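Comments concern the structure below.
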Amino acid sequence: MSAESHPRHRLDEVIHSPLRLSIVSALSAVEKAEFRAVRDAVEISDSLLSKQVALLEQAGYINVHKDRVDRRPRTWLTLNHAGREALAGHVSALADITQGHGRAVADHPDSPPRTRAPSARA
Amino acid sequence: MDDPTRTEVEAALADATTARRALAARGNWLRTYLLVFAAGSVAVVLLIGLGGRRGATIAMMLWLFLVAAMSWWGVRQQVILRGHKRRSFLAFGGWGVLYGTTLLVGLYLFADQPAFWVPAAVITAAPLVLAACWPTSRSDGRRPASVPTA
Chain A
199 MSAESHPRHR LDEVIHSPLR LSIVSALSAV EKAEFRAVRD AVEISDSLLS
249 KQVALLEQAG YINVHKDRVD RRPRTWLTLN HAGREALAGH VSALADITQG
299 HGRAVADHPD SPPRTRAPSA RA
Chain B
37 MDDPTRTEVE AALADATTAR RALAARGNWL RTYLLVFAAG SVAVVLLIGL
87 GGRRGATIAM MLWLFLVAAM SWWGVRQQVI LRGHKRRSFL AFGGWGVLYG
137 TTLLVGLYLF ADQPAFWVPA AVITAAPLVL AACWPTSRSD GRRPASVPTA
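Chains as they are written, first to last, in our numbering: chain A, 199 to 320; chain B, 37 to 186.
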């Protein structure tokens, strides 16, 4: 495998962070979710989630929408098409990197189906 | 960016899958929403068909209360699952057709006849129950999220 074709080059630098991977993976299961629900699902603080959301929004992977209920502001997060594509590509790259070990990767909903037997290690 | 080790990959994906499941679980409120409306629909249809004028009045008050209460509750939910709008549209659309047909046929031809109104009440609620019980789509139709134990 040449250096240029190594799957590490397909890892998404934004999603590569385990925390951001959790956030986009959680959002991939829903159409949209409120900030507090994502915070509770990922089990992080408000401030940390805010930072990660800002990064993901800047990368163009999530959309942020605000509304109000009972005069209380709410922030909705949506994983957009680019984000879904990025997540699928990232998980696919992880699958390729860990080929031969990757049940955990293969079982992720965004990983590609395994069509070939694990290659022998050199 | 260094190549992640297998352990790092598994840990990251395990956390991601846990977060995904936790968030998706909070989107299952639509099932309760539809089942409550289904139960309310049965009551309303029976009241209208068998309760006379008083029954119809109670039915309308019950339905208004139900719509108000469930709307209040629904708008405060924090997660909307994929396919939510389509599921709701099909559920209430199907319900509306059956409800209208039931009233039209029943009030003219089968007034105060339980043999018509009882099954009609159940059938009218069927689209709501079906939509409530229909499996929610998992990860875009791919394999369900899971992480094997080490």
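By construction, the Cβ of each residue, glycine as well, lies at the ideal position given by its N, Cα and C atoms. Computed from a predicted structure; not experimentally measured.
Going by beta carbons, Gln-149/B and Ala-235/A fall outside the 8 Å limit. The C-beta separation of Ser-223/A from Ala-50/B comes to about 11 Å, leaving the pair out of contact by the 8 Å criterion. Ser-243/A has a beta carbon lying at 8 Å or more from every beta carbon in chain B. Arg-266/A is bridged by DSSP to Pro-271/A. Sixteen is the threshold: when 16 or more other Cβ atoms of the shown chains lie within 10 Å of the Cβ of Thr-296/A, as they do, the residue is buried.
In the structure shown, the three-state DSSP call for Thr-276/A is strand. Annotation: the continuous alpha helix (DSSP H) that includes Ile-94/B extends over 88 to 110. Counting the other CB atoms within 10 Å of its CB gives Pro-40/B a total of 16 or more, which places it among the buried residues. In this structure Lys-264/A is exposed. Its beta-carbon is surrounded by fewer than 16 other beta-carbon atoms within 10 angstroms.
When the Cα atoms are used, Leu-225/A and Val-158/B turn out to be separated by approximately 37 Å. Leaving aside the five residues that flank Arg-62/B on each side, the residues in its chain whose CB is nearer than 7 Å to its CB run, in chain order, Gln-114 and Val-115. Within the segment 81 to 102 of chain B, no residue has a Cβ lying closer than 7 Å to any Cβ of chain A.
The alpha-carbon of Ile-242/A is positioned some 36 Å away from that of Val-165/B. The three-state reading of DSSP puts Ala-231/A in strand, counting E and B together. Leu-143/B: not part of any beta strand (DSSP E); member of the alpha helix (DSSP H) spanning 120 to 145, first to last residue. Boundaries of the alpha helix (DSSP H) around Val-158/B: 150 to 169. Neighbours of Leu-117/B in chain A, taken as residues whose beta carbon is under 9 Å from its own, are Ala-227, Val-228 and Glu-229 in chain order. Under the DSSP assignment, Ile-242/A falls outside any alpha helix (DSSP H); it carries neither an H nor an E label. Between His-306/A and chain B, the shortest Cβ-Cβ separation is below 8 Å.
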